[in-house]
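Numbering (UniProt numbering), first residue to last: 1 to 260.
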């Protein structure tokens, strides 16, 4: 598989009065198609700022964010296209899941998940879109909740709905910012099992977390400190649960060497 994302010398500076803070500092990395990349770092390290930049939520002050689309030779320099072009590209190429579920409270679960498809496709396709949404709900345990509103769901169910909304248009890349941060351990485990299942089917995922038990579910850990890439750790591709303890030991050693 080839690369799906190239980040070259990415820089982001925030100004507070006359004081400049470089939260992402000439950061360069690549993500392979089908990879489950975990981004870690201490509080204030720049990991969430990095995710917001590659999601198009924030604008870089320097460097390039290149998305490589399957079957196309041209790279999309995502950091330097118009806001309109960015919105259109993101709608079908990038799914985003946040720590807070951000579901629209006045829409049902079904309507929330359907929304990206409705924004991007013609109404004549409504029947096929309905089938897609219902099949996703069946696969991920929400079929009995499609007519409910977000306030009627648990936090874990809301996050599942948010994930399905993010992937309903089959984006090549799924970006997750602390997706289990507001969940209990049981809910977190269900969400990570869903993400692992998606990744095993070929979904490329980039996930920011501070949780070691979440991080060991990925294929590679990218460690950011002071806006720099400070190291990487690749795990064995085997995802058997009995190996998670071994991964946890490896990751703890890796993090402690970097002042975690």
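Every residue gets a Cβ at the ideal spot worked out from N, C-alpha and C, and that includes glycine. All values derive from a computational prediction rather than experimental measurement.
Helix, strand or coil for residue i, going by three-state DSSP, please let me know.
| i | result |
| --- | --- |
| residue 140 | coil |
| residue 145 | helix |
| residue 235 | coil |
| residue 88 | helix |
| residue 120 | helix |
| residue 81 | coil |
| residue 211 | coil |
| residue 36 | strand |
| residue 97 | strand |
Please say whether residue j and residue i have beta carbons closer to each other than 9 Å?
| i | j | result |
| --- | --- | --- |
| residue 263 | residue 10 | Residue 263 is absent from the model: the chain starts at 1 and stops at 260. |
| residue 222 | residue 104 | no |
| residue 228 | residue 46 | yes |
| residue 89 | residue 204 | no |
| residue 208 | residue 160 | no |
Rounded to whole angstroms, how far is the Cβ of residue i from the Cβ of residue j, which I believe are closer than 8 Å?
| i | j | result |
| --- | --- | --- |
| residue 93 | residue 67 | 6 Å |
| residue 233 | residue 250 | 7 Å |
| residue 182 | residue 155 | 6 Å |
| residue 2 | residue 33 | 6 Å |
The alpha helix (DSSP H) spanning residue i covers which residue range?
| i | result |
| --- | --- |
| residue 48 | 47–55 |
| residue 64 | No alpha helix (DSSP H) contains residue 64, which is instead part of the beta strand (DSSP E) from 62–68. |
Which residues mark the beginning and the end of the beta strand (DSSP E) in which residue i is found?
| i | result |
| --- | --- |
| residue 18 | Per DSSP, residue 18 belongs to no beta strand (DSSP E) and is neither H nor E. |
| residue 225 | 220–225 |
| residue 173 | 173–177 |
Let me make sure I understand the geometry here. Which of the options has the alpha-carbon closest to that of residue i?
| i | options | result |
| --- | --- | --- |
| residue 87 | 69, 63, 106 and 57 | 57 |
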